Amino acid sequence: MNGRSRRMAALIGKEFVQILRDPSSLLIAFVLPVILLFLYGFGVSLDAREIRLGVAVRDAGEEAADLVAAFRASPYFRIEVARDIRPLEAELMAGRLRGLVVIPGDFSRRAGRAGDFAPLQVIADGSETNTANYVQNYAQGVVRDWWNRRLQESGRSFGGPELAPRIWFNPELESRNSLLPGALAIIMAIIGTLLTALVVAREWERGTMEALMATPVAITELLVGKLFPYFVLGMLAMLISVAISVTLFALPFRGSVAALLLSSGAFLLAALGQGLLISSAAKNQFLAAMAALVTGFLPAFLLSGFIFEIASMPPAVRALTHVIPARYLVTNLQTIFLVGDVWSLLLPNVGILLLLAALLFLLTAGKTVKRLR
Amino acid sequence: MDASALVIENLSYRYDKGAPLALDGLSALIRPGIVTGLVGPDGAGKTTLLRLLTGLLRPTAGSLRVFGLDTRDQAEKLQRLIGYMPQKFGLYEDLSVGQNLRLYADLHDVTGAERQRALARLLAFTGLEPFQDRLAGRLSGGMKQKLGLACALIRKPRLLLLDEPSVGVDPVSRRELWRMVGELVDAETAVIWSTAYLDEAERCREVLLLDGGRLLFSGPPGTLTERVAGRCFQVRGISGDRRRVLARALQQAEVQDGIVQGRDVRIVLRSGQAPPAPEPFAAGAEARLVPVPPRFEDAYVDILGGGPGGVSALAEAMRPLPGEREATVEAAGLSKRFGDFTAVSGIGFSIRRGEIFGLLGPNGAGKSTTFKMLCGLLRPSAGGSRVGGFDLRAAPGKARSHLGYMAQKFSLYGDLSTRQNLEFFAGVYGLAGARRKESVTRMIEIFGLTPHLKASARELPLGFKQRLALACAVMHEPPVLFLDEPTSGVDPLTRREFWTHINGLVERGVTVLVTTHFMDEAEYCDRLGLIYRGRMIACGAPDDLKAQVASAALPDPTLEETFIALLRQWDEGEGAKA
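This is the structure we're talking about:
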């Protein structure tokens, strides 16, 4: 072994001993991912199921009762029926109901009469826009289905076009299936950027960096000594998270392990590059943590398409997402898990990630010299 | 070949554009084969010079050649020749002793049989062999310092740079470190030892004295000491309070500096002054002035412009506290266990009003733990204590309102400015309105903080940090003052100023409990408690303790010798019991 590789091996070995001895880095690498996965796997759901809906029925007729039964049968609603609208309104105000359907007193009479309209009122709670949309759309769907069924039963159906929707890749529209791959990206951003920036800042704070720099060690050796251990740590955390997602949360895995390793490896390099760049400027742990959160974690969370769809962002923000490494990883992971190895999509993204990583390393190497200032 | 290991020519350094020069036109030669001391007040530029020597900073102007290598562009070659121990020792606290050593061996390319030999030699040399598997963070201060030295020595360096290796380290460990470095120096090796301890500087063959980035003196310490030859005297045969004699002596126009030295008071006269008659000192009928040989410290204070004088503006501004000499701080059977480790065991003492009580002891002996229990910051496992008559367990709030506390670590708000810190602490101690304004202004005047009012406390030079910390601790005029190593790492001028304040406050009836590693400061104390391995192994006036260990071989021991002898006696006593 020559001097160079021995020094790097020594630095890498030292880093691993520190990781194993420091409960906080083990916590960030292995416990935090599990907590995040459970949060996204069980806790967060963007699906609307069993929305609490009030139905005010002022009509005792057969048609009204039939429509209420249709609402009751819908998996999207859990309904509360009353004759009077006032108690339901109070419930809506208190946030215990998300919407109201009002069936007026002449509904049955007018619905049974050919050529007449039978108006229904739908009230939604606009303070939560998503749910308000669900209330409107699902209520419309329930009423339309009910009406079509009645037409068919009475033999008055006119035929016409009928939609036959099918959803690919995630047939049950299970939001967990698209969230979990995103959560993996967040986990790796935390380890690659936050943990790396923190451990370098810690060396500055404790004065060990000054001692290291006064030895014959070269700056590239110092950088590799930080890169390698946290690359391994990040990949380990990723593999554990994938195992949990697939076994515990039944996340489908339709791509190959090679595609997974390639995509996450390329992303981790970019995240590490970002962490090292932060640490070359922020020499105390507080500043490093803040910088890593603002430039690493939050963009990975908000701008990666993990929760908020990139296509629906304003053009300026959409342009910004192109330099967020997590964006490419989220796309790749969602593809690998739900679709399969679509190399024509995966490879360009890996290429961009490697390019970003190279850029960040160049910046870091240019900024970090073996000097205290 | 040039006989000088290091050639410094017209060297200047500035940290940031627009900032004042940290080093200003420094020229010096440093020889191999000797220990060169680097001394000077805080902010003089000592650490900056060492960092420039390692090649970790680039000179702003001038040049620096180490064994013929220019630090500007040959730093990499240079770093193969140096061993550097930065201020915090540069150790990985979460690695074991052995792991730290092996890491530095690898980084310095010490391999194979050479590595085995080096590790064995250094472990034996530092006495760390039994502790190889202990985490560096669990070592005592003295042992950390030895490990730091061992890491710097792993490849026998040609230039050894030690940045204040003895700050916060007890006298026993300091002596050992000195001995270890002395053994190491040979004709090839140059050693630069930066220090705030002037007795260490005096033992160096040559010293560089920096002040405000400029070189004030370079050469053998003896040459500097000659400046004050014939101007140093001891007032001997004092009856009465030595601290009062010192305060009165410092008020004489002829006297520029003075300290308490055992039973006597040492004074240094201004240049060209005849020794004054001892009468104005009011030191008693027996008192007489005896000429004594000058010390490096006398010359150091002289070249920096003399001591701070004998009058404490802080004490002057304070109204005298009423009362008799009753006990204001009492501790009985104080014990603290952390798990199965007993940090403090059965410590008891009582301090009277207007008394200075000093706690001494090696690092890790239990001084800070005792201190924290006395302040009510830590709950004793057994025993209890009272401050100002209030039990710290029953009425901690009332007891603490009698206290001013200056912690060992910097405990102000680094992000607040000097003024904001003062105002904050005034508020915390319940000073409001005109009283708050008045006491903040008074503190600013007394401690000379005006030029630093807007600077954030973190960026203050160490001496001013300590002044600000003292100001924050005393601004509510507490009758009891707890000072935990108030002068650690601070230069002699600032230390004199602190003691002038402490002595003045005690005159007004304040009770002071203080810990220190400086033996000359311990001389100011009325009584000392020596803490070792969690127990108080000796307690008494400095002279009584000295008398305890005086022997035919050592008829007039210094306090440091007394301290070491008492520790040894106790070790032998305990060893015999075991």
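Heads up: the sequence lines are chains A and B, in that order.
Those letters in the first sequence? Residues 1 to 373, per the working numbering, in order.
Those letters in the second sequence? Residues 1001 to 1578, per the working numbering, in order.
Just so it is clear, CB atoms sit at the ideal spot from N, CA and C, and this is done for glycine as well.
Since the structure is predicted, the reported quantities are computational estimates derived from the model, not experimental observations.
- Linking Val1172(B) to Ala10(A) through their CA atoms gives a straight-line distance of about 34 Å.
- Here the C-alpha atom of Met290(A) lies approximately 52 Å from the C-alpha atom of Arg1295(B).
- Considering only beta carbons, the part of the segment 212-226 of chain A lying closer than 8 Å to chain B consists of Leu212, Met213, Ala214, Thr215, Pro216, Val217 and Ala218, in chain order.
- Distance from the CA of Gly1358(B) to the CA of Ile278(A), rounded to the nearest whole angstrom, comes to 47 Å.
- With respect to Leu302(A), Leu272(A) sits apart: the two C-beta atoms are not nearer than 8 Å.
- Taking 8 Å as the cut-off, the Cβ atoms of Ser1411(B) and Ala1469(B) count as close.
- Approximately 5 Å separates the beta-carbon atoms of Leu1078(B) and Leu1069(B); this is inside 8 Å, confirming the contact.
- Close to Glu210(A), with beta-carbon spacing below 9 Å, are these residues of chain B in chain order: Arg1051, Thr1054, Leu1056, Tyr1084, Pro1086, Gln1087, Lys1088 and Gly1090.
- Listed by position along chain A, the residues whose Cβ is nearer than 8 Å to that of Arg1080(B) are Pro216.
- Look at Gln1408(B) here: in three-state DSSP terms it is coil, with no helix or strand label.
- Under the Cβ criterion (8 Å, minimum of three pairs), the segment 1200-1218 of chain B counts as touching the segment 1022-1037 of chain B.
- Here Ile1238(B) is near Ala1287(B), since their CB atoms are less than 8 Å apart.
- Listed along chain B, the residues sitting closer than 8 Å to Lys14(A) by beta-carbon distance are Tyr1092, Leu1095, Gln1099 and Leu1103.
- With a 10 Å radius around the Cβ and a threshold of 16 neighbouring Cβ atoms, Ile1082(B) comes out buried.
- In this structure, the alpha-carbon of Ser25(A) lies about 37 Å from that of Thr1487(B).
- Chain A has no Cβ within less than 8 Å of the Cβ of Asp1024(B).
- Bridge partners of Leu1135(B) according to DSSP: Ser1096(B).
- Ala1229(B) carries a coil assignment under DSSP once its states are collapsed to helix, strand and coil.
- Contacts with chain B (Cβ-Cβ distance below 9 Å) from the segment 17-38 of chain A involve Val17, Gln18, Arg21 and Asp22, listed in chain order.
- With fewer than 16 other beta carbons inside 10 angstroms of its own, Trp343(A) counts as exposed.
- Between Leu180(A) and Leu37(A), the gap from beta carbon to beta carbon is short of 8 Å.
- Counting along the chain, the unbroken alpha helix (DSSP H) around Asp1302(B) starts and ends at Phe1296 to Ile1303.
- Among the bridge pairs identified by DSSP, Leu20(A) is matched with none.
- Closer than 8 Å at the C-beta level to chain B, one finds these residues of the segment 187-209 of chain A: Arg206, Gly207 and Thr208.
- For Thr1036(B), the uninterrupted beta strand (DSSP E) run begins and ends at Val1035 to Val1039, by DSSP.
- In this structure, DSSP gives Trp343(A) a helical state, which the three-state scheme calls helix.
- DSSP places Leu1177(B) in the uninterrupted alpha helix (DSSP H) bounded by Pro1171 to Leu1184.
- When 9 Å is used as the limit between beta carbons, Glu1076(B) is near these residues of chain A: Pro216, Ala218 and Lys370, in chain order.
- With its beta carbon less than 8 Å from one in chain B, Gly3(A) belongs to the interface.
- Residue environment: Asp1016(B) is assigned as exposed (fewer than 16 neighbouring CB atoms within 10 Å of its CB, all protein chains considered).
- Annotation for Arg1288(B): the continuous beta strand (DSSP E) segment containing it runs Arg1288 to Pro1291.
- Restricted to the segment 269-302 of chain A, the alpha helix (DSSP H) segments that are unbroken, complete and at least 4 residues in length are 285-292 and 298-302, listed in chain order.
- Counting of Cβ neighbours within 10 angstroms places Ser1385(B) among the buried residues, the total reaching 16 or more.
- In this structure, the beta-carbon distance from Ser304(A) to Ile336(A) does not fall below 8 Å.
- In this structure Thr215(A) is buried. Its beta-carbon is surrounded by 16 or more other beta-carbon atoms within 10 angstroms.
- At a cut-off of 8 Å between beta-carbon atoms, Ala10(A) makes contact with chain B.
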